[in-house]
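K.L.:
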Amino acid sequence: MKCVYISPSVQQFNEYLNGGNEEQYMNLVADSLIRYLDEYGICYTRNSPDMSVPEIIRQSNSGDYILHLAIHSNASPESLSGELMGSEVFYYPSSPRSALLAQIVADNLKTIYPYPDMVVAKTSTSFAELRRTRAPSVLVEVAYHDNPEDEAWIKNNVDEIGRVLALSVKEYIDETCECPRGSLGEVITMGGNLNVRRNPNINSEVVSKIPNGTKVEILDCSGRWYRISYQGNEGYVFKHYVSI
Numbered sequence: 058m059k060c061v062y063i064s065p066s067v068q069q070f071n072e073y074l075n076g077g078n079e080e081q082y083m084n085l086v087a088d089s090l091i092r093y094l095d096e097y098g099i100c101y102t103r104n105s106p107d108m109s110v111p112e113i114i115r116q117s118n119s120g121d122y123i124l125h126l127a128i129h130s131n132a133s134p135e136s137l138s139g140e141l142m143g144s145e146v147f148y149y150p151s152s153p154r155s156a157l158l159a160q161i162v163a164d165n166l167k168t169i170y171p172y173p174d175m176v177v178a179k180t181s182t183s184f185a186e187l188r189r190t191r192a193p194s195v196l197v198e199v200a201y202h203d204n205p206e207d208e209a210w211i212k213n214n215v216d217e218i219g220r221v222l223a224l225s226v227k228e229y230i231d232e233t234c235e236c237p238r239g240s241l242g243e244v245i246t247m248g249g250n251l252n253v254r255r256n257p258n259i260n261s262e263v264v265s266k267i268p269n270g271t272k273v274e275i276l277d278c279s280g281r282w283y284r285i286s287y288q289g290n291e292g293y294v295f296k297h298y299v300s301i
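Encoded structure:
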């Protein structure tokens with residue numbers, strides 16, 4: 058498997074309202090992220106806090122990475138200082154794979170950010186890490202560090218932010234890799250049963266449940282879902298919970 062490039066902010070001069078700075082907290086998020094990547098068996102390269110943005114881009118472009126993930130926190134314009142909130146996931150407009158990655162990240166951040174409607178994926182040509190990297194790339198502004206509520210959310214949810222970013226990386230890799238039709242997969246959960254749904258949609262009817270550790274046949278792929286066969290019945294399960 059190709060590796061991913063992880064690029065937490067190197068902007069230590071962006072101070073938080075109540076102590077700390079952007080570089081410090083985004084590197085804590087990256088610490089959490091790579092622990093989950095290790096659990097998924099996903100290899101990675103990570104920038105160093107003493108690198109400049111041009112050096113980060115050169116290092117990213119020197120390897121054959123499946124994606125480039127830049128992790129930042131945001132600040133409002135001076136005229137709106139402390140007033141803005143929300144998570145923004147930026148991608149380069151001419152890159153379909155970057156758009157896919159951005160939407161996956163935004164969807165997963167919505168599950169933990171207290172105001173899901175304020176999590177958006179949007180295009181940008183302003184960021185060098187989007188314009189100049191060879192791998193599909195996104196730049197995540199996880200929340201506004203100059204807003205008291207957002208700053209507190211970042212500090213209190215470092216591990217959760219890292220977890221959903223790692224999940225997003227895994228889902229992107231699963232979705233862009235070739236579909237393993239005809240292969241056997243093993244259900245991997247935290248010990249519970251895996252829901253099998255009638256259609257590839259989280260709101261679709263649950264038609265059966267599969268115990269952890271069970272082998273299932275992969276029939277086809279649909280986005281983040283596998284169509285599987287289990288005990289003579291077919292249905293859809295999240296790729297995240299099936300190891301090939």
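Everything in the sequence shown is counted per the working numbering, starting at 58 for the first residue and increasing by one.
Backbone N, C-alpha and C fix where the C-beta goes; we use that ideal spot for every residue, glycine too.
Where does residue 179 fall in DSSP's three states?
P.N.:
strand
K.L.:
Please classify residue 29: does DSSP put it in a helix, a strand, or coil?
P.N.:
Since the first residue of the chain shown is 58 and the last is 301, residue 29 is not available in this structure.
K.L.:
Could you give the residue range of the alpha helix (DSSP H) that holds residue 264?
P.N.:
For residue 264, there is no enclosing alpha helix (DSSP H); the enclosing beta strand (DSSP E) covers residues 263 to 267.
K.L.:
Out of 298, 260, 264 and 203, which has the shortest C-alpha to C-alpha gap to residue 77?
P.N.:
With distances taken between Cα atoms, residue 77 lies closest to 203.
K.L.:
Give the DSSP-derived three-state secondary structure of residue 103 in the structure shown.
P.N.:
Correct three-state label for residue 103: strand.
K.L.:
Using 8 Å for Cβ pairs, my map puts residue 193 next to residue 241. What's the rounded Cβ distance?
P.N.:
About 30 Å separates the two Cβ atoms, so there is no contact after all.
K.L.:
Would you list the residues sitting across from residue 295 in a DSSP beta bridge?
P.N.:
282.
K.L.:
Just to confirm the assignment, what range does the beta strand (DSSP E) spanning residue 118 have?
P.N.:
Careful: residue 118 lies outside any beta strand (DSSP E), inside the alpha helix (DSSP H) at 110 to 118.
K.L.:
If you follow the alpha helix (DSSP H) that residue 301 is in, where does it begin and where does it stop?
P.N.:
Careful: residue 301 lies outside any alpha helix (DSSP H) and carries neither H nor E.
K.L.:
Can you give me the Cβ contacts of residue 175 inside the same chain, cut-off strictly under 8 Å, excluding the 5 residues immediately before and after it?
P.N.:
142, 143 and 144
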